[in-house]
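So the structure is just underneath, and the comments pick up after that.
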Amino acid sequence: MTVSGPGNPEPQSVGPGASSVEQLRKDGNELFKCGDYEGALTAYTQALGLGATPQDQAILHRNRAACHLKLEDYEKAETEATKAIEKDGGDIKALYRRSQALEKLGRLDQAVLDLQRCVSLEPKNKVFQEALRNIAGQIQEKVRYMSSTDAKVEQMFQILLDPQEKGTEKKQKASQNLVVLAREDAGAEKIFRSNGVQLLQRLLDTGEPDLMLAALRTLVGICSEHQSRTVATLSVLGTRRVVSMLGVENQAVSLAACHLLQVMFDALKEGVKKGFRGKEGAIIVDPARELKVLISNLLELLTEVGVSGQGRDNALTLLIKVVPRKSPKDPNNSLTLWVIDQGLKKILEVGGSVQDPPGELTVTANSRMSASILLSKLFDDLKCDAERENFHRLCENYIKSWFEGHGLAGKLRAIQTVSCLLQGPCDAGNRALELNGVMESVIALCASEQEEEQLVAVETLIHAAGKAKRASFITANGVSLLKDLYKRSEKDSIRIRALVGLCKLGSAGGTDFSMKQFAEGSTLKLAKQCRKWLCNDQMDVGTRRWAVEGLAYLTFDADVKEEFVEDAAALKALFQLSKSEERSVLFAVASALVNCTNSYDYEEPDPKMVELAKYAKQHVPEQHPKDKPSFVRARVKKLLAAGVVSAMTCMVKTESPVLTSSCRELLSRVFLALVEEVEDRGTVVAQGGGKALLPLALEGTDVGQTKAAQALAKLTITSNPEMTFPGERIYEVVRPLISLLHLNCSGLQNFEALMALTNLAGISERLRQKILKEKAVPMIEGYMFEEHEMLRRAATECMCNLAMSKEVQDLFEATGNDRLKLLVLYSDHTLAGDPAGSSSEPQPGVAAPGCCGGAEHGGGLEGDRQHPDGERGAGDPVGASQGRGDPGHQGGHSLSGESCGIWAYQTQPGRKMRACLKHTLPTAAQGAGQTGWWGWDANAWPLLPAAL
């Protein structure tokens, strides 16, 4: 009896739609045999919707379970198998498939019960007997491990709680072992069942930072991806107690508590992914309630006096991560609405606070920026005008409550709150700025004698100039005030902010060379002063940050860019500042680098449209002469020489809400500009650029992820991937590269992704399996038949390397599938054997019937031969692992001026299919230009977009 695939066709009862159900089931079975599990799943689902009989439903559900097993979706496989068993309790295939799913989910005790039932129904079935023996062995091993750790856990807690062992090396080792044990699910479960949470509570009560850190890190292991243990831990420790640990003065303890709370949020949101179910699940009444209790405590922490500034920042970071929806496709934004109703005033209170005044909340330099980001994310998560209007109303009521009746101090707090909103949800900030008397108070406070009042007012004026509408108002009414402050003030903190305001107004024309707000040379003078302050290490970091803000605006001007990259001291100071604790500078640094590398989106205007606009007397944007490609390339090289890659690598590693998705996108754009030239890619790799690009390609805006993925593709094409992405990191590159194969990406991005995947597929079977697991084969196969020749060649090369995997060979050679036949027809060659006639190779066999001859094509691809024992020759084009690093060898497939010769069908498995794949490659002589390490002509790349 077969138990691994969909069931054989069962007798069908006659009834409405019975023939359609049977046909769809047969279609699904054929798709399953061909490896198209998604297609089979669709067919079975359609059959279920046609009123199938209970017997048919049981068969269809168990077949769906088989598809989910192949797709490694074990939760759904268990659900489908259970539905089949509910229809037919004696369905032995469904029982077996459910046992397979349960085993993968780690629920061995339940898997054993299903297998025992299978054995009782078919006692002589060796498959069931072997599976039962395997699971029994796993259970015994688990029991043995659990019993062996009992004594270890008890001993570790005794050492940690022994007052005589204070500060000893023995105690430190015990705490490390406890943390390591908790990282494994079985170890975490043993600690949990050994009254571990109560013992860890005693460690937290000691107040010793080292013991508190060990306890918090162990709790992370206990709660990780386990909903029931998370709820039990919160019940024992108390939600209030866990959240309050964020506010301690010790920064390491606060960060550890933040990590624990993040893990708890994830566990409550996602549910149990691994671990035990059953009785433990009964303690979870309503995870949404637990989430709201945690969030409510975080909101309370924001306005508590005595909480450290770092703790307040950590609370804001957690709220940013857990409250807004992850995707706009999720229709439920109820958590956001609840937070706005319950905690918007508390968030505004943090955003409106002034740093370290007596009697105020303790905040850091990053607190207000974090509050702005949270407000922006909450506002962006709203779905309709009514929800946004409620947000505006709450903000305006809060500002009015401080602006009216609290004297000058109240007005100052109200204006600071407006400034916070302008940095976040600017629509709300602009509306607040239009409230009666607010703008007038801002202008008046700019002339105050008190530095603190001037700082708040000038910063608000700067943020208000962000929009064109507001900038035009301030250009008319506030420029003279800012100039006066810049010239007359004796305080550098005021002068630098006034200067940034002027910089912002001076750059209102963006990159349009024809639009200048100030007189010729004024922007260069402003930039020079900004660089001077940036290089002044005697000033505090918070003040120097404003110099970077000014340069971020002024570098729209190409003259400013040229002077900036020539100033080695200014670049060094910029990169040092980006590595400092002042995280709010990151966006400004990234913006300045985007401007210097011209990595913003720019499209050449259509000449005909330009002529039409001139004829209609409309404004036509003009590009600065120094923004031409030659100038940009020179600037990029100067930035690389100054160490821009190492600075950006540090920025990517930042664990701060200031590193927003928009900031990540800017960094991705810069990286893509840095790797544009082949000769610069070695420098980027050497300074850690490959490692920094991975997180950018996996998280951020869609545009940012695409830009980072394309930069990864360029690095993978022209350098050895095993050196660029050492260790396990090479497997993380696959998913970003595959994302470039989607149809919404450009032809150049498709092409570079295919070339990069070709390199990876030629390295190892494990990498090929990773590509298969990411479901890239259908997309690569589709590009093999693209109209554009370069895409077709790249996809075929990639498939040639993937063909070394047995799964790909089976996919092409499966019965009832025309893939191989189609390739033979495309190849237009005979399968008569090796034209070269080498006697050392396997002798030619019989050609496949129906193949067309093509004598005019002659010879074969260089290195096409393969040794009889299955090892590749030094020049074998099917893999890129041979001879890598040798300047005389082009790894992977390389095209010669001759077409491919074909080996006979009777040779080693997979050769038949690979030979036909090679025939789809067009004959093309290699140019004399520079090639990548795997043999493609690098000079062909820039031609692709124009050809597409």
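Just add 1 to wherever you are in the sequence shown, counting from 1, and you've got the working numbering. For each residue, glycine too, the CB sits at the ideal point set by N, CA and C. Remember, it's a predicted structure, so these values are computed and weren't measured experimentally.
Euclidean distance between Cα positions of residue i and residue j
i, j, result
"Leu500", "Asn537", "16 Å"
"Glu567", "Arg545", "20 Å"
"Val686", "Leu716", "8 Å"
"Leu667", "Ile718", "23 Å"
"Ala754", "Cys664", "24 Å"
"Leu821", "Glu782", "12 Å"
"Leu483", "Gly502", "7 Å"
"Ala528", "Ala642", "22 Å"
"Leu70", "Ile60", "15 Å"
"Pro48", "Ser21", "Note that residue 48 is Ala in the sequence shown here, rather than Pro. Rounded to the nearest angstrom, the two C-alpha atoms are 7 Å apart."
"Leu486", "Arg496", "6 Å"
"Gly138", "Lys84", "29 Å"
"Gln810", "Ala559", "55 Å"
"Glu23", "Asp57", "9 Å"
"Phe404", "Gly411", "5 Å"
"Ala372", "Leu349", "7 Å"
Local Cβ density within 10 Å of residue i, reported as buried at 16 or more and exposed below that
i, result
"Gln417", "buried"
"Phe266", "buried"
"Ala804", "buried"
"Thr318", "buried"
"Ala570", "exposed"
"Phe576", "buried"
"Ala757", "buried"
"Glu190", "buried"
"Pro12", "Low local confidence applies: a pLDDT of 36 at Pro12 is under 50, so the model's placement there is unreliable, and no value is given."
"Phe380", "buried"
"Leu952", "This structure does not reach residue 952, given that the chain is present from 2 up to 949, and the question cannot be answered."
"Thr231", "buried"
"Cys799", "buried"
"Gly408", "exposed"
"Ser377", "buried"
"Glu450", "exposed"
"Gly551", "buried"
"Asp382", "buried"
"Leu217", "buried"
Expected contact under 8 Å - CB spacing of residue i and residue j to nearest Å
i, j, result
"Leu413", "Asn315", "Not confirmed; about 27 Å, so no contact."
"Ala593", "Ala635", "In fact, because the Cβ distance is near 17 Å, the residues do not count as touching under 8 Å."
"Ile739", "Leu768", "With 8 Å as the limit, Ile739 and Leu768 do not qualify as a contact, their Cβ atoms being about 12 Å apart."
"Gly543", "Glu583", "6 Å"
"Ala112", "Tyr75", "Going by Cβ atoms, the distance from Ala112 to Tyr75 rounds to 11 Å, so no, they are not a contact pair."
"Ile136", "Leu109", "6 Å"
Range of the contiguous alpha helix (DSSP H) that encloses residue i
i, result
"Gln592", "The displayed chain sequence assigns Ser, not Gln, to residue 592. Element bounds for Ser592: Leu587 to Thr598."
"Val243", "Thr240 to Ser245"
"Leu42", "Tyr38 to Leu49"
"Glu798", "Glu790 to Leu803"
"Leu749", "Gly748 to Ala762"
"Lys346", "Ser335 to Gly352"
"Pro124", "It is not in any alpha helix (DSSP H) - Pro124 carries neither H nor E in the DSSP assignment."
"Met652", "Val645 to Val653"
"Val178", "Sequence inspection shows Asn at residue 178; the Val mentioned does not correspond to that position. Note, Asn178: alpha helix (DSSP H), Glu170 to Arg184."
"Gln770", "Glu766 to Lys774"
"Ser225", "No alpha helix (DSSP H) holds Ser225; DSSP gives it neither H nor E."
Residue i (DSSP reduced to helix, strand or coil)
i, result
"Pro722", "helix"
"Thr304", "coil"
"Tyr97", "helix"
"Ala537", "First, the residue type needs correcting, since residue 537 is Asn and not Ala in the sequence shown. Three-state DSSP puts Asn537 in coil, outside helix and strand."
"Tyr601", "coil"
"Asp811", "helix"
"Arg218", "helix"
"Gly310", "helix"
"Thr418", "helix"
"Pro727", "coil"
"Gly690", "helix"
Proximity test, residue i beta-carbon vs the ligand FMN heavy atom, cut-off 7 Å
i, result
"Glu23", "Among the ligands in the structure shown, none appear at all, so the ligand FMN cannot be discussed."
Any chain E beta carbon closer than 8 Å to residue i
i, result
"Tyr487", "In the displayed structure, chain E is absent; only one protein chain is listed."
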